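To start, the structure under review is shown below, and the notes come after it.
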Amino acid sequence: MSQMQNVERQLREMILGLEIGPGERLTERWIESRFGASRTPVRAALLRLETEGLIGRDGRGWTVAPINLAELGQIAVYREAVEVAAVRLTAALEERGGVDVIAAMLDSRDATPRAAFP
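Be aware that the sequence shown starts at 1, since it is given in this note's numbering, and climbs by one per residue.
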């Protein structure tokens, strides 16, 4: 994994895990020292996170994007629709194995600490 990918991944995890909160300022120097990365990979990682809408430019620094509650609500509605459809399709399977696989996946997810999910 490249230095840029490593910085990008770790920053994404910190933002999505709310270790770095919405509206919080980020500086390239802080990121460089935090992750032991040089300026070019840090800038590349920040630009990629900006295209994802996780951060935005703020003068000479960067700011973590605010949480959009309306968008979050829409995502929850779409996710529920997809998950319900997936469960219905699986339940329609004549083979019990499909249901067992999903049950095992759900059990595994429930046993995994929340921080492990992006």
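Virtual Cβ for every residue (Gly too), placed ideally from N, Cα, C.
These numbers were taken from a predicted model, which means no experiment stands behind them.
> To the nearest angstrom, how far is it from the Cα of A92 to the Cα of E83?
Replying inline: To locate residue 92, count along the sequence shown from 1; it is residue 92. To locate residue 83, count along the sequence shown from 1; it is residue 83. The straight-line gap from Cα to Cα measures roughly 14 Å.
>> Counting beta carbon pairs with one atom in the region 27-44 and one in the region 64-78, are three or more of them shorter than 8 Å?
In response: No, because fewer than three Cβ pairs between the region 64-78 and the region 27-44 fall closer than 8 Å, the two stretches do not touch.
> Thinking just about the alpha-carbon of each residue, which of Q5, T63, G36, V7 is nearest to the one in G21?
Replying inline: For the purposes of this step, residue 21 is taken as residue 21 along the sequence shown, with counting starting at 1. Checking every option, the nearest Cα to that of G21 belongs to T63.
> Taking only runs of the beta strand (DSSP E) that begin and end inside the region 27-66, which ones reach a length of at least 3 residues, in chain order?
Replying inline: Complete beta strand (DSSP E) runs here, min 3: 55-58, 61-64.
> So Q10 and P41 are in contact, right, with Cβ under 8 Å, and what is the actual spacing, rounded?
Replying inline: As a first step, residue 10 is located in the sequence shown; it is residue number 10 there, counting from the start. As a first step, residue 41 is located in the sequence shown; it is residue number 41 there, counting from the start. About 12 Å separates the beta carbons of Q10 and P41, which is beyond the 8 Å limit, so they are not a contact pair.
> Considering only C-alpha positions, which residue in the set E80, L16, D110, S108 is nearest to L49?
Replying inline: As a working mapping, residue 49 is identified with position 49 in the sequence shown. The residue with the shortest Cα to Cα distance from L49 is L16.
> How many Å lie between R60 and T27 at the Cα?
Replying inline: The residue given as residue 60 occupies position 60 in the sequence shown. The residue given as residue 27 occupies position 27 in the sequence shown. Near 8 Å, if we compare the C-alpha coordinates of T27 and R60.
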